[in-house]
Amino acid sequence: MHLGLISSHAQTTYYVASSGRDSNTGTSDGAPFQSINRVNQLALQPGDQVLFRRGDTFSGTLAINRSGAAGKPITVDAYGSGNKPVLTGAVSLGGWTNTGNNIWQASCAGCGSSVSGVYSNGTALPLGRYPNLSAANKGYMTVQSHNGKTQLTSQQGLPANFAGGEAVIRPAHWILDRATITGQSGNTLQLSYTSNYTPADGWGFFIQNHPATLDQPGEWYYNPSTKTIQLFDNQSNPNSRTMTVTVGDGITLTNASYVTVRNVQIAQTQTAGIRATNSANLVFSGDELTNAGTDGIVLAGSGSGVLIENCRVTDVNNNGIAVDNYASFACRGTTIQRVGLVPGRGGSGDGQYVGLQTHGANTLIENNILDNIGYNAVTFTSGTTVQRNLISSYCLTKGDGGGIYTWNGNGQSQSSIRIISNIVYAGAGPWEGTSYKSNTAAHGIYLDDCTANAEVTGNTVFNCYGYGIYLHGTSNVTLTNNTSFGNNESQLALMHNGGSCPMRNNV
Numbered sequence: 060m061h062l063g064l065i066s067s068h069a070q071t072t073y074y075v076a077s078s079g080r081d082s083n084t085g086t087s088d089g090a091p092f093q094s095i096n097r098v099n100q101l102a103l104q105p106g107d108q109v110l111f112r113r114g115d116t117f118s119g120t121l122a123i124n125r126s127g128a129a130g131k132p133i134t135v136d137a138y139g140s141g142n143k144p145v146l147t148g149a150v151s152l153g154g155w156t157n158t159g160n161n162i163w164q165a166s167c168a169g170c171g172s173s174v175s176g177v178y179s180n181g182t183a184l185p186l187g188r189y190p191n192l193s194a195a196n197k198g199y200m201t202v203q204s205h206n207g208k209t210q211l212t213s214q215q216g217l218p219a220n221f222a223g224g225e226a227v228i229r230p231a232h233w234i235l236d237r238a239t240i241t242g243q244s245g246n247t248l249q250l251s252y253t254s255n256y257t258p259a260d261g262w263g264f265f266i267q268n269h270p271a272t273l274d275q276p277g278e279w280y281y282n283p284s285t286k287t288i289q290l291f292d293n294q295s296n297p298n299s300r301t302m303t304v305t306v307g308d309g310i311t312l313t314n315a316s317y318v319t320v321r322n323v324q325i326a327q328t329q330t331a332g333i334r335a336t337n338s339a340n341l342v343f344s345g346d347e348l349t350n351a352g353t354d355g356i357v358l359a360g361s362g363s364g365v366l367i368e369n370c371r372v373t374d375v376n377n378n379g380i381a382v383d384n385y386a387s388f389a390c391r392g393t394t395i396q397r398v399g400l401v402p403g404r405g406g407s408g409d410g411q412y413v414g415l416q417t418h419g420a421n422t423l424i425e426n427n428i429l430d431n432i433g434y435n436a437v438t439f440t441s442g443t444t445v446q447r448n449l450i451s452s453y454c455l456t457k458g459d460g461g462g463i464y465t466w467n468g469n470g471q472s473q474s475s476i477r478i479i480s481n482i483v484y485a486g487a488g489p490w491e492g493t494s495y496k497s498n499t500a501a502h503g504i505y506l507d508d509c510t511a512n513a514e515v516t517g518n519t520v521f522n523c524y525g526y527g528i529y530l531h532g533t534s535n536v537t538l539t540n541n542t543s544f545g546n547n548e549s550q551l552a553l554m555h556n557g558g559s560c561p562m563r564n565n566v
């Protein structure tokens with residue numbers, strides 16, 4: 060027996076601190092690494108740990124493309140005392156020059172083709188837009204006419220040539236699309252518009268991402284050709300503040316399994332705070348994700364066995380948590396707040412500005428808090444249990460949605476949908492940018508086209524601008540022991556339903 064051929068990897072703990080050095084061994088808190096880049100060079104093995112020192116901030120994207128094993132996960136965690144360590148996708152932005160007319164400019168060599176966030180002392184600054192959000196109709200102009208997807212004419216006059224900017228178009232209650240302005244003649248814009256939707260006459264649009272929009276303190280624009288950022292500031296010198304700009308993401312996991320990430324804060328990312336692609340058996344516990352340029356946590360591709368527990372996801376431009384085809388996914392004890400609240404900063408098309416959305420079977424969503432959400436708070440598909448969640452103030456940016464929403468318009472086979480003991484209230488459904496003149500179509504629990512084989516029991520729904528509970532084109536839905544009150548349009552609505560929909564003991 061050749062014992063020398065048998066090797067057993069000793070599980071290693073690596074330490075990372077802002078006061079460390081990348082030339083250190085990194086295997087003790089007395090000789091820690093300094094940077095995320097050094098951690099990315101490690102060939103992590105099952106059972107290894109990477110510990111970031113509490114109270115420190117680390118810039119860069121932590122990339123994990125290796126796997127642990129059952130009972131021996133690769134673990135990212137914190138050590139020491141104090142606040143959670145911060146992993147940031149932003150870098151400092153200094154050297155501001157006043158170019159006149161209250162416009163300041165700074166170079167950003169590390170910026171790429173786009174920038175999703177500029178921050179002053181940690182506070183997100185607004186992307187420039189015309190008209191401003193504070194203007195009448197919440198800054199929406201009106202589409203007078205359109206030619207397919209290639210052209211729209213504004214009912215209002217345009218004060219500048221906005222070619223190269225973006226038109227943000229509201230063609231339906233539940234859609235905000237972004238289209239590049241390729242040219243302009245008077246009040247007519249030529250568009251590069253790849254949406255499944257078409258501009259609607261009488262509905263709204265506005266313009267963003269163009270230097271001519273800068274006219275309020277804090278508004279900014281990024282020029283990818285010159286890699287410069289312009290900032291409107293008539294109140295102070297930005298060089299006197301801590302200015303940061305997003306250039307990267309927080310943590311990426313690619314084809315990884317058996318990985319645990321806990322007790323870290325991820326802030327100011329270009330796109331996602333955490334993005335896992337084709338990964339499995341992951342745990343995210345006690346993490347805080349804030350100021351994500353697109354989504355807080357993304358599970359892309361396919362995978363299984365992912366748990367998100369006791370996390371906080373706040374101040375996100377698009378979706379709080381977005382899950383593709385991942386089976387056996389669970390999210391519990393997690394707070395999701397202030398998601399998708401700025402029109403035009405989220406994605407185009409369906410499934411955007413959402414608090415938590417999943418697309419896999421055997422999903423559990425329980426004991427979460429969702430508050431201040433741009434569109435649907437929770438969306439899901441077949442084989443999902445949604446229970447004991449507190450959901451409030453949603454559909455604040457778009458309408459025709461719900462606090463708890465599902466859609467099966469493709470008519471796929473569905474089973475085991477359970478919506479139990481949730482509290483849902485204060486759906487808004489903003490009218491600005493539509494042809495309506497009052498809030499509408501923000502429902503409490505909304506089971507949409509072809510939803511089937513669902514149990515809705517023990518829920519409380521109140522003070523929504525739409526229906527309390529809305530069954531639209533459903534079949535085999537059981538409603539028992541629910542309470543619905545104070546909702547604007549009605550407490551319960553059933554439309555175009557087929558099959559059995561028994562209702563018992565509802566108030």
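Numbering (this note's numbering), first residue to last: 60 to 566.
Ideal Cβ positions, reconstructed from N, Cα and C, are used throughout, including at glycine.
As the structure is a prediction and not an experimental result, all values here were calculated from the model.
So does residue i have its beta carbon nearer than 8 Å to some heavy atom of the ligand PLP?
i: residue 90; result: The ligand PLP is not among the ligands present in this structure, which contains no ligands whatsoever.
What residues in its chain sit with their C-beta under 8 Å from that of residue i, if we drop five residues either side in the sequence?
i: residue 64; result: Low confidence applies here, because residue 64 scores a pLDDT of 38, under 50, leaving its location unreliable and the question unanswered by this model.
i: residue 62; result: At residue 62 the pLDDT is 36, less than 50, meaning the model places this residue with poor confidence; the figure from the coordinates comes in the next sentence. So no residue of the chain qualifies.
i: residue 247; result: 210, 211, 212 and 213
Could you check how far apart the C-beta atoms of residue i and residue j are, in whole angstroms? I think they sit under 8 Å.
i: residue 437; j: residue 463; result: 5 Å
i: residue 433; j: residue 405; result: 7 Å
i: residue 503; j: residue 483; result: 4 Å
i: residue 481; j: residue 450; result: 6 Å
i: residue 298; j: residue 161; result: Contact doesn't hold; Cβ gap of about 15 Å is too wide.
i: residue 376; j: residue 353; result: 6 Å
i: residue 369; j: residue 344; result: 6 Å
For residue i, count neighbouring Cβ atoms within 10 angstroms of its own Cβ and tell me buried if that reaches 16, exposed if not.
i: residue 66; result: Low confidence applies to residue 66: its pLDDT is 41, below 50, so where it sits in the model is not reliable, and the reading given next is rough at best. Result: exposed.
i: residue 338; result: buried
i: residue 544; result: exposed
i: residue 561; result: exposed
i: residue 283; result: exposed
i: residue 378; result: buried
i: residue 60; result: Because residue 60 carries a pLDDT of 36, less than 50, the predicted location of this residue cannot be relied on, and no value is offered for it.
i: residue 208; result: buried
i: residue 126; result: buried
i: residue 550; result: buried
i: residue 145; result: buried
i: residue 183; result: buried
i: residue 441; result: buried
i: residue 69; result: exposed
i: residue 218; result: exposed
By Cβ distance below 7 Å, which residues in the same chain neighbour residue i in space, the five residues on each side in sequence not counted?
i: residue 468; result: 508 and 509
i: residue 141; result: 113 and 114
i: residue 301; result: 180
i: residue 390; result: 367, 380, 415, 424 and 427
i: residue 458; result: 232, 233, 488, 489, 499, 500 and 501
Measure from the alpha carbon of residue i to the alpha carbon of each residue in the options, then state which is nearest.
i: residue 156; options: 561, 321, 284 and 291; result: 291
i: residue 419; options: 376, 71, 362 and 454; result: 362
i: residue 521; options: 548, 498 and 533; result: 548
i: residue 310; options: 355, 390, 432 and 345; result: 355
i: residue 216; options: 230, 189 and 233; result: 189
i: residue 76; options: 492, 401 and 137; result: 137
i: residue 202; options: 86, 259 and 285; result: 259
i: residue 150; options: 132, 171, 143 and 452; result: 171
i: residue 287; options: 550, 412, 193 and 152; result: 152
i: residue 191; options: 279, 336, 417 and 108; result: 279
i: residue 539; options: 529, 558, 564 and 528; result: 564
i: residue 254; options: 89, 410 and 74; result: 410
i: residue 394; options: 385, 412, 371 and 388; result: 371
i: residue 430; options: 417, 204 and 373; result: 373
i: residue 334; options: 124, 88, 80 and 240; result: 124
i: residue 267; options: 295, 220, 296 and 256; result: 220
i: residue 341; options: 242, 317 and 245; result: 317
i: residue 453; options: 486, 398, 495 and 446; result: 486
Which residues in the same chain have their Cβ closer than 6 Å to the Cβ of residue i, if we skip the five residues on either side of it in sequence?
i: residue 531; result: 507 and 554
i: residue 307; result: 120, 148 and 329
i: residue 444; result: 423 and 477
Do the CB positions of residue i and residue j come within less than 9 Å of each other?
i: residue 213; j: residue 328; result: no
i: residue 289; j: residue 270; result: yes
i: residue 535; j: residue 513; result: yes
i: residue 315; j: residue 331; result: no
i: residue 365; j: residue 346; result: no
i: residue 199; j: residue 229; result: yes
i: residue 541; j: residue 519; result: yes
i: residue 196; j: residue 403; result: no
i: residue 72; j: residue 110; result: yes
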